[in-house]
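Using my numbering, you'd call the opening residue of the sequence shown number 191 and step up by one each time. Note that the Cβ used here is the ideal one computed from N, Cα and C, for glycine as well.
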Amino acid sequence: MTRILVPIDFSDTAFNALRYAVSLAKILEGEIIVLYVHKPELTVNAMPLGEPYYEAMPVPAIVHTRMKEVKELLKATGLNSKAYVKEGFLTESVVELAVKKHADLVVTGTDGVHYAYHMLWGTHSSALVDEKKIPVLVIPRKYAHSLSSKGEIVFATDFKGIEDVPAFFIDMIEKLHLKVSVFYAKEPHESEDVKIYEKQKIDELIKILNSKDISVFHTYKTDVVDAVEDFLGKRNAQMVVMISQKRSFFENLFHKSVTHQMALHSHVPFLAIPDLEAEVNTSLSNSGFIG
């Protein structure tokens, strides 16, 4: 059974993500886990030169009331579901519960890049993607559709970490007979060895995805986010997927995460799959499709 964890704050964005998660859980015959995280308040000691610290505060009664409403909504879907209220910080709390409950996927909403704050610090959704601990499916606030039979998914890749494609994703492709468009970056003048490597990896990915309808496309653009968005503009894709790779500390300082940017900018649901086996490597891929 696929376990889908949905963080919720009772906003329209969160409820839209929950709506999408419910539709996906029905396809996968899965279970929904809802989590509300109550953040402690920042307080300053009354003593001279007191240092700020976080103080536990009672969960407001309205939260329990709203969670009761959420439970009733989930009960009406006929799905197995659980709901939790936890005190802490959102990203850490979501990852902790996901590990504890063996969740297969986190589905979360995003408002995208609307405010300068988000542009500087990123949304909670992109922060979850950056954790690279569990697959995260980011649903844009205004996205009103659900996955439908024979729809198209764009799999943007540099072929690293493709062996980490989770079972629920392959199951989703099979049950809905989804079309998969593999999209990758090439260099204008590649050696024969590189061409052979690409062919081998494409064949490997096709075998892993086990779809009867797979097409392969490439780009020569070096700006990955721009290339993917341009490609999506020409397709009727219902989802875009990337492998989110680990980075060293210094890579994080000087290179923006592609999956982080896609979590903010994508206008269709974006699935980031962590490359769980990858070792931190300071050498970057030539293709630029790096999480």
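Could you give the DSSP three-state label for Phe-444: helix, strand or coil? Any reading at Phe-444 needs caution, since the residue's pLDDT is 42, under 50, leaving its predicted position unreliable; the model's value is listed next. Helix.
Going along the chain, which residues of its own chain have a beta-carbon closer than 6 Å to the beta-carbon of Leu-280, five neighbours each way excluded? Val-227 and His-314
Mapping the DSSP letters down to three states, classify Leu-310 as helix, strand or coil. Low per-residue confidence applies at Leu-310: pLDDT is 39, beneath 50, and the placement is therefore not dependable enough to give any value.
Just the C-alpha distance for Tyr-333 and Ala-427, rounded to the nearest angstrom, thanks. 12 Å
Please report how far the alpha carbon of His-408 lies from the alpha carbon of Lys-258, in whole angstroms. 48 Å
Can you check whether the CB of Phe-345 is closer than 7 Å to the CB of Val-372? Between Val-372 and Phe-345, the CB-CB gap stays under 7 Å.
Determine, using beta-carbon pairs with one atom in the stretch 415-423 and one in the stretch 379-387, whether at least three such pairs fall under 8 Å. no
DSSP bridge partner residues for Asn-270 (one or two, in chain order): Glu-221
Suppose you measure from the CA of Thr-412 to the CA of Val-448; what does that come to, to the nearest Å? Rounded to whole angstroms, Thr-412 to Val-448 spans 12 Å at the Cα level.
With DSSP run on the structure shown, which of helix, strand or coil describes Arg-425? For Arg-425, the three-state secondary structure derived from DSSP is coil.
Bridge partners - Ser-434, DSSP secondary structure assignment: Pro-464
Can you tell which of Leu-208, Val-196, Leu-461 and Lys-216 has the C-alpha that lies nearest to the C-alpha of Ser-338? For the residues Leu-208, Val-196, Leu-461 and Lys-216, the minimum Cα distance to Ser-338 belongs to Lys-216.
Ile-329 - containing alpha helix (DSSP H), residue span: No alpha helix (DSSP H) contains Ile-329, which is instead part of the beta strand (DSSP E) from 326-330.
Considering only the beta carbon of each residue, do Ile-404 and Val-370 sit closer than 7 Å? yes
Please state whether DSSP places Lys-411 in a helix, a strand or coil. Here Lys-411 carries a coil assignment [DSSP, helix/strand/coil].
Distance, Cα to Cα, His-457 vs Pro-330? 6 Å
Which residues mark the beginning and the end of the alpha helix (DSSP H) in which Ile-352 is found? Here Ile-352 belongs to no alpha helix (DSSP H), and DSSP marks it neither H nor E.
In chain order, what residues of the same chain have a beta carbon less than 7 Å from the beta carbon of Asn-270, not counting five sequence neighbours either side? Glu-221
Using only CA atoms, which one of Gly-341, Leu-225, Ser-316 and Ser-201 lies nearest to Lys-290? Leu-225
What's the gap between the Cα of Val-253 and the Cα of Thr-267? 21 Å
Alpha carbon of Glu-277 to alpha carbon of Pro-248, nearest angstrom: 9 Å
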